[in-house]
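Numbering (the working numbering), first residue to last: 20 to 172.
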């Protein structure tokens, strides 16, 4: 059994952000392709309700994912918290972390340090706005180093 962990992104005033939709729909596609058996939606409440996890669950249900295969982790606000809070919800050590390609190395690093067999899976960025993706990519380099140093101590 392989569980998919979809890592959250913003919920905007008018609904899920494009990043949250993209990640969630990718998770649904992996589920329908038989690559994951269950999905844990990770993400707490940001500036606008509902929580990222609740918004993802709604999208997944609209994509035909059975409610029984969707688990909510709706307290986390960081990558580290995503993984730590998902650990007690797992019934396997094999996970596919569903996030954007630039975020996957750090998320997998955290998961592996927590004892999980983690692989990353990222949706296509076709149609994504260039500037937000560039900023997010540039942010990941120092964030990876910070997490690497934190996890070593």
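Backbone N, C-alpha and C define an ideal beta-carbon position, used for all residues, glycine too.
- Here residue 137 is bridged, per DSSP, to 114.
- Shown here for residue 133: same chain residues with a beta carbon closer than 8 Å to its own, the five before and five after excluded, namely 102, 103, 106 in chain order.
- Judged by DSSP in its simplified three-state form, residue 125 adopts helix.
- Nearest C-alpha to residue 82 among 47, 111, 167: 47.
- Taken in chain order, the complete alpha helix (DSSP H) segments of 4 or more residues contained in the segment 40-100 are 71-81.
- A residue is called buried once 16 or more other Cβ atoms fall within 10 Å of its Cβ, and residue 143, having fewer, is exposed.
- Proximity to residue 61 across 52, 53, 30, 51 peaks at 30, based on C-alpha coordinates.
- In this structure, DSSP gives residue 37 a helical state, which the three-state scheme calls helix.
- Annotation for residue 21: no beta strand (DSSP E) segment contains it, and DSSP assigns it neither H nor E.
- DSSP, read as helix, strand or coil, puts residue 109 in coil.
- Between the alpha carbons of residue 128 and residue 49 lies a distance of about 21 Å.
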